[in-house]
Structure formats: C-alpha cells, structure tokens
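Asks: If you scroll down you'll find the structure; I have some questions about it.
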Amino acid sequence: MAVSHVIEDERALIDAIREIAQERVAPRAAEIDHSGEFPWDMKELLAQQDILAMPFPTEYGGIGASELAIVMAIEELSRCCATTGLLLAVQQLGSLPILLFGNEQQKQKYFPRLASGEWMAAFGLTEAGSGSDAAAMTTTAVRKGDTYILNGAKRFITNGGLAQVNSVFAQTDPSKGTRGISAFIVEKDFPGFSVGRIEDKMGIKGSQTAELIFDNCEIPAENLLGREGDGFKLAMMTLDRTRPGIGAQAVGIAQGALDLAVSYSKQRVQFGKPIAENQGIQFMLADMATSVEAARLMVYNAAEMIDRGDKNFNKYSAMAKMFASDAAMSVTNDAIQVLGGYGYMKEYPAERMMRDAKITQIYEGTNQIQRLVIARALLMEQ
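Under the UniProt record's numbering, the letters of the sequence shown match residues 1 to 382, in that order.
Right, dumping it as structure tokens:
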C-alpha cells in the first residue's frame, strides 16, 4: 500500500513530532485551555522544528511534505493539545489558496516567511450572515485603478488579527452569484483593515478566533488570486483539501481521550478490582478504539487520494471529516463516562477534550454540509 511507502520516507519526522508533542506540548495543554491565551511558545516550537514548513514546497523554504504526513502531524499534536494541532492545520488552510491559484511572484513573496513560521496565515470566508451558505457573503471588492477597495466583515476567523497573510473572499460582481466572488491576499497592515471582536469559545480556547473588518481597505490589484470570479471555486477547492486535516485533529483528540480512558480504567479500583476488569467498561473501550481506528483510516485514505492526484477525492474528504469528528464527539463523551465524576472535573483533561472535539463537527463545513457534499457526489456518479 502507498501508506507504508509515504510513511517510510517521512516516518522519522512523524516520530519526532510525536516525541515533541508528548514532551513539550502535553504539559502546556491544560494551561493554554485555562488561560485562553494564544500559545506563542507553541507557535515558536512548531516553527523551530520546521513543522509549520510542512505544507510549503521546498523551493520556497518549505519541506514539501505529503498530505498524509501533514494529517499525521496534526493528529499527533492534537492528541496532546487540539489548539496546538490547529496551528499547523490553519497555516495550511490560510496559505493553500496561494498554493492553488497564486502566481510565482505571490508565492515568492509570501511562502518563505509563512514556511519559516515568521508569519501566520488565516482564511477569511465566513461572515455573520453567511456560514454554510458561503455564496451569501456581502463583503465587496471594487476595482479602482491598481487597487481594489474592500468593504465588509468576516466572522469566526481562526488566527484572525494575528495572521499577517489573510486569504479573503469578496464579491466583485454581486449580480453573478457564486461566479462573482473573487479571492485576495490581504496583509495585516493594509490601510482600512482592522480586527473586531475576539470570540470567547467553548473549546480550542488558546486559538484566537476574531472578526476581520474592512473599511475601504486598499488592496493592490496584484494581490488578486487567479482571476476575478475564481473565488468561490478556489474556496471550495481549498476546503476539499483541508478537511482531512480537521478529521486528523478529531482523530488526535479521540485518541488522546481513549488513551486517558484506558489508563484510568486500569488504575481505578471499585468493588475490590480495577474497573478495566468489568466487561461493561471493556466493551466501551473496544467500541471507542474501533471508532478511532476507522476514523484514522478514512482520514489517511483521503490524504493519500490528494497525494496521488485522484480527481474525485472530495467525497472521501467530506466522509473523513464527518466520520472522524462524529467519532471524536462520541469517544470523548464515553471517556468522561469511564472516568465518572473525575471525568467531569477540570483536574482531568477529558472534559477539555470533549469541548475541543465539538468544533470539529462545525468548522470547515458543518457535518450537515459534509452529508450534502457526499450525497451530491454519489448522485452524480450514477
């Protein structure tokens, strides 16, 4: 199988990331969640170890990792801390539009500093009134000479206000619907660009989620990605490719919860024996482990399809994200049950894992939207 071939080349990197996650990331996870502050130390750690360079081609200072290696890295980090795993996932998400539709000049300008981790990226698609219905966006971009004037706001943007490089989508011709949406590279210090509210969230609390505001924001015309009207297609192509990363985040969270449940069940004694000796607990653990493994295989399969250049991978990408995130929610819920009262307490990480798992069912396309994507693909095949 191709899995073993790809892993053979990159196994050392993944092994190193697993070690870093256990030794450096895991001890910070509870504090990151408790403080809700962006973990600059974790961002620096991933930058120093070249983990943030994984999604970028070698000619721009990246390490040109396979999609399979990237999802495995996200999984290992998320197993210890979902917020830290998200740093790599969003670095890929925010810069993938440039990789897909950017010209040589744009790649040379932005990729070296993104690959080094000096700069962070963000993906500006969602608005207050357009989430699942991305085509309902009201942000506009009007061409004036060699600039575009951007007006509107984006909501729930991961890395919002921290990212120097923002892939932002706006209507350049509202009369054309989805064909009137264009994509732009918006730098943090462009005039007219500001940050609005910073969200207070249920989970992934160390990740900054913010509102981006564009008030006559001036963007050089050369920062248009592709051509006018390419934006919606580009947004969908990007999400098709990054959904396995969210699936990987979910797998990592679920694996972390399973590890905790197994370990606790061996130590917790009730009625004179460890609870792991009770068949009721054993069956729960078996179901949890099976869900995690099935989700992992679906995520790895979707990543491999992307690596191979398979044309119809979007159905499998949606399946992987949907199944893995549903599994993460179920497994973390069961982990809390295995831990009983301790599972409900912040002293143990189970409740944090459950809060972190929930967002994987929502962002980068809700699981209801994934079901639509899967159903449409199925119906077109017949």
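Backbone N, C-alpha and C define an ideal beta-carbon position, used for all residues, glycine too. Since the structure is predicted, the reported quantities are computational estimates derived from the model, not experimental observations.
(1) Could you tell me which of Gly247, Ile185, Arg11 sits nearest to glycine 102, measuring between CA atoms?
(2) What residues match up with phenylalanine 323 in a beta bridge as DSSP calls it?
(3) Determine the direct distance from the alpha carbon of isoleucine 281 to that of alanine 210, and round the result to whole angstroms.
(4) Judging by CA-CA distance, which residue of Ala320, Ile204, Cys217, Glu199 is the nearest neighbour of valine 168?
(5) Only counting the same chain, and skipping five residues up and downstream in sequence, which positions put a Cβ closer than 6 Å to that of alanine 12?
(6) Near glutamate 37, what residues of its chain come up, given a Cβ to Cβ distance below 8 Å and the 5 sequence neighbours on each side ignored?
(7) Do you know offhand how far glutamate 222's Cα is from aspartate 146's?
(8) Per DSSP, which one or two residues make a beta bridge with threonine 209?
(9) Note down, in chain order, each residue of its chain lying with its Cβ closer than 7 Å to the Cβ of isoleucine 76, except the 5 sequence neighbours on either side.
(10) Based on Cα-Cα distance, which residue from Phe214, Ile198, Thr84 lies nearest to valine 142?
(11) What's the gap between the Cα of lysine 321 and the Cα of valine 299?
(12) Restricting to runs no shorter than 4 residues, where is the alpha helix (DSSP H) found entirely within the segment 23-87?
(13) Note the first and the last residue of the continuous alpha helix (DSSP H) segment covering arginine 113.
(14) Taking 6 Å as the cut-off, is the CB of glycine 117 close to at least one heavy atom of the ligand FAD?
(15) Just to confirm the assignment, what range does the alpha helix (DSSP H) spanning threonine 242 have?
(16) Using the rule of at least 16 other Cβ atoms within 10 Å of the residue's Cβ for burial, across every protein chain shown, is arginine 243 buried or exposed?
(17) Report yes or no: do the segment 131-139 and the segment 270-288 share at least 3 C-beta pairs separated by less than 8 Å?
(18) How many angstroms separate the CA atom of alanine 350 from the CA atom of threonine 126?
(19) Can leucine 239 and glycine 365 be called in contact, C-beta distance under 7 Å?
(20) Determine which residues share a DSSP beta bridge with leucine 372 and list them.
(21) Here's the rule: buried if 16 or more other CB atoms are within 10 angstroms of the residue's CB, otherwise exposed. What is glutamate 104?
(22) Just how far apart, CA to CA, sit proline 112 and glycine 64?
(23) Who are the Cβ neighbours of glycine 61 in its own chain at under 8 Å, not counting the five residues just before and after it?
(24) Which residue wins for smallest C-alpha separation from glutamine 49, given the options Ser35, Arg24, Met202?
(25) Tell me which residues share the same chain as alanine 324 and place their Cβ nearer than 6 Å to its Cβ, disregarding the 5 neighbours each side in the sequence.
Replies: If we stick to the structure as given:
(1) Taking the sequence shown and counting its residues from 1, the one referred to as residue 102 is at position 102. Checking every option, the nearest Cα to that of glycine 102 belongs to Ile185.
(2) Translated into the one-based positions of the sequence shown, residue 323 becomes position 323. Answer by DSSP bridge pairing: none, since phenylalanine 323 is not bridged.
(3) Indexing the sequence shown from 1 puts residue 210 at position 210. Indexing the sequence shown from 1 puts residue 281 at position 281. Near 41 Å, if we compare the C-alpha coordinates of isoleucine 281 and alanine 210.
(4) Taking the sequence shown and counting its residues from 1, the one referred to as residue 168 is at position 168. The candidate whose alpha carbon is nearest that of valine 168 is Cys217.
(5) As a working note, residue 12 is residue 12 in the sequence shown. Correct list: empty, nothing qualifies.
(6) Here the question's residue 37 lines up with position 37 in the sequence shown. Same-chain partners within the cutoff: Gly206.
(7) Here the question's residue 222 lines up with position 222 in the sequence shown. Here the question's residue 146 lines up with position 146 in the sequence shown. Spanning the two alpha carbons is a distance of roughly 8 Å.
(8) Counted from its first residue, the sequence shown places residue 209 at position 209. Beta-bridge pairing links threonine 209 to Thr158.
(9) Position 76 of the sequence shown, counted from the first residue, corresponds to residue 76. Reading off the sequence, residue 76 comes out as glutamate, not isoleucine. Counting only Cβ-Cβ distances below 7 Å, and skipping sequence neighbours, we find Ile14, Ile17, Arg18, Ala21, Gly252.
(10) For the purposes of this step, residue 142 is identified with residue 142 of the sequence shown, where counting begins at 1. Ranking Phe214, Ile198, Thr84 by Cα distance to valine 142 puts Phe214 first.
(11) Taking the first residue of the sequence shown as position 1, residue 321 is located at position 321. Taking the first residue of the sequence shown as position 1, residue 299 is located at position 299. Distance between the alpha carbons of lysine 321 and valine 299 is about 7 Å.
(12) 26-35, 40-48, 67-80
(13) Translated into the one-based positions of the sequence shown, residue 113 becomes position 113. Segment 104-115, the alpha helix (DSSP H) holding arginine 113.
(14) For the ligand FAD, the structure offers nothing, since it holds no ligand at all.
(15) As a first step, residue 242 must be located in the sequence shown, where it is residue number 242. 231-267 is the span of the alpha helix (DSSP H), which, as asked, contains threonine 242.
(16) Indexing the sequence shown from 1 puts residue 243 at position 243. Buried, by the Cβ-count rule.
(17) no
(18) To locate residue 350, count along the sequence shown from 1; it is residue 350. To locate residue 126, count along the sequence shown from 1; it is residue 126. Rounded to the nearest angstrom, the two C-alpha atoms are 30 Å apart.
(19) In the sequence shown, counting from the first residue as 1, residue 239 sits at position 239. In the sequence shown, counting from the first residue as 1, residue 365 sits at position 365. Cβ atoms of leucine 239 and glycine 365: closer than 7 Å.
(20) For the purposes of this step, residue 372 is taken as the residue at position 372 of the sequence shown. Paired residue(s): none; leucine 372 is not in a bridge.
(21) The residue given as residue 104 occupies position 104 in the sequence shown. Exposed.
(22) Here residue 112 is taken as the residue at index 112 of the sequence shown, counted from 1. Here residue 64 is taken as the residue at index 64 of the sequence shown, counted from 1. One C-alpha to the other measures close to 12 Å.
(23) Within the sequence shown, residue 61 is the residue found at index 61, counting from 1. So the list reads Ala53, Phe111, Pro112, Ala115, Ser116, once near-sequence residues are dropped.
(24) Position 49 of the sequence shown, counted from the start, is the residue given in the question as residue 49. Comparing Cα-Cα distances from glutamine 49 to each of Ser35, Arg24, Met202, the minimum goes to Arg24.
(25) The residue labelled residue 324 in the question sits at position 324 within the sequence shown. Result list for alanine 324: Gly247, Ala250, Val251, Ala295, Val299, in chain order.
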